[in-house]
Amino acid sequence: MTDAEWALIEPHVPVAATGPLPRRVRDQFNGVLWRFRTGSGWRDVPERYGSWTTVYSRFRGWVTSGFFQGLMEALIAEAASRGKVGLTLVSVDSTIVRAHHESSGLAVAGETLDALEQALTEEKGVPLPQQQAVLRVMRSRRRTPPPTPRRFVPRHAVGAGPGPRKPDSAGPGAA
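Using this note's numbering, the first residue of the sequence shown is number 1223, and each one after it goes up by one.
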């Protein structure tokens, strides 16, 4: 981080009531940035930023104090005062936006699909089969629920039962 960047950030770093900023707070802040920039674990933070436990503890303290939210608002206000606020401040990277595993398919109830088809027919004035295909929605067969798995229960847990017999052995009640 450059000295100019740190000059913008430093006034917003929370200070304990007991005194000034700790000696290595800039290094620790850089350690937090390094950790998130690389996607590494906390234990992989290089020693030049301080002990990883200290960097992590400092990060947790900043999170609970609301430091990062306040810093973002202050930096946006600073950019606005310079006339440099725009959509360039927004960044969404698809490599970090994860979809839930169930988002891979669309499940629509039959009644909902019928209503959508009816609305599309009314809007276009043409029956659905005659319209140009833009999006294909297929009705899936109803899936039967998976069978309930059987649980193994040891015989001794339930009580002594007859159990399997060996061939040519007398059954219970044999005299």
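Even for Gly, the Cβ is constructed at its ideal location relative to N, Cα and C. All values reported here derive from a predicted model rather than from experimental measurement.
Could you tell me if residue i is buried or exposed, where buried requires 16 or more neighbouring beta carbons within 10 angstroms of its beta carbon?
| i | result |
| --- | --- |
| arginine 1257 | buried |
| glycine 1253 | buried |
| glycine 1272 | buried |
| glutamine 1250 | buried |
| threonine 1280 | In the sequence as presented, threonine is not what sits at residue 1280; that position holds arginine. Classification of arginine 1280: buried, given that the 10 Å Cβ count is 16 or more. |
Specify, as a first and last residue, the run of the alpha helix (DSSP H) that residue i falls within.
| i | result |
| --- | --- |
| threonine 1276 | 1274-1287 |
| glutamate 1227 | 1225-1231 |
| alanine 1341 | 1332-1346 |
Is it the case that the CB of residue i approaches a heavy atom of the ligand ADP more closely than 7 Å?
| i | result |
| --- | --- |
| tryptophan 1264 | Ligands displayed in this structure: none; no statement on the ligand ADP is therefore possible. |
Using DSSP with H/G/I as helix, E/B as strand and the rest coil, what is residue i?
| i | result |
| --- | --- |
| arginine 1246 | coil |
| glutamine 1352 | helix |
| arginine 1304 | coil |
| threonine 1260 | helix |
| valine 1254 | helix |
| alanine 1238 | coil |
Apart from the five residues on each side of it in sequence, which residues of its chain come closer than 7 Å, Cβ to Cβ, to residue i?
| i | result |
| --- | --- |
| serine 1262 | none |
Excluding the 5 residues flanking residue i on each side, which residues of the same chain have their C-beta closer than 6 Å to its C-beta?
| i | result |
| --- | --- |
| tryptophan 1264 | Trp1274 and Tyr1278 |
Sorted by chain position, which residues of the same chain lie with C-beta nearer than 8 Å to residue i's C-beta, five sequence neighbours on each side aside?
| i | result |
| --- | --- |
| lysine 1346 | Gln1353 |
| leucine 1342 | Leu1350 and Gln1353 |
> Do three or more CB pairs link the region 1280-1289 to the region 1228-1247 at distances below 8 Å?
Replying inline: yes
> Quick check: the region 1294-1304 against the region 1264-1272, are there 3 or more CB pairs under 8 Å?
Replying inline: no
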